[in-house]
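Asks: Convert by adding 184 to the 1-based position in the sequence shown; the result is the number in my numbering.
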Amino acid sequence: MSIYLRLTPATKDVLYQLYCATEDVWGLQLSRRAGRPTGTVYPLLDRLEREEFVQSRWDDDSRRAGPRRRLYVLTPAGRVWVQQKLKLSAKVTKQQHSKGVDYDTPKTTRQSQSHPSTSNQTCLV
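As structure tokens, this is what we get:
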């Protein structure tokens, strides 16, 4: 596996939400939790799945009306990779701050009002 992903604030937000998810999540749900557009989330999920850091499957809930959802979950290797990347990112950010570089705070600290379950989420990497 040789994946190159720039760790932009948007990428970190999506990775953080995948890491913190307690169950499989669908793309739109992940987009809302991360506060990022679907045009950012779905290409990232595709790259992560090609590198086997994420697994996806079709939702088989026939009781739900509407189109089927594609559900995503981190693989064990993906969890380790995300944890390493987010920790590395935190070290780099601290170094940039100590040098006086202005660095945007990732949106992972935001509370999502459209998903009350994420407002109580305390997932720390």
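Ideal Cβ positions, reconstructed from N, Cα and C, are used throughout, including at glycine.
Do you know how far the Cα of Pro251 is from the Cα of Ala194?
Replies: Roughly 27 Å separates the two Cα atoms.
Asks: Assuming contact is defined by CB atoms lying nearer than 9 Å, are Leu270 and Tyr200 in contact in what I supplied?
Replies: Yes, the pair counts as a contact, with Cβ atoms nearer than the cut-off.
Asks: Could you check whether Arg254 and Ser240 sit closer than 9 Å to each other, using their CB atoms as the reference points?
Replies: Closer than 9 Å, so yes.
Asks: DSSP three-state label for Ser215, please.
Replies: The answer is helix: DSSP assigns Ser215 an H, G or I state.
Asks: Is the CB-CB distance between Val198 and Arg234 below 9 Å?
Replies: Contact: no.
Asks: Could you spell out the range, first to last residue, of the alpha helix (DSSP H) harbouring Arg234?
Replies: Element bounds for Arg234: Thr222 to Arg234.
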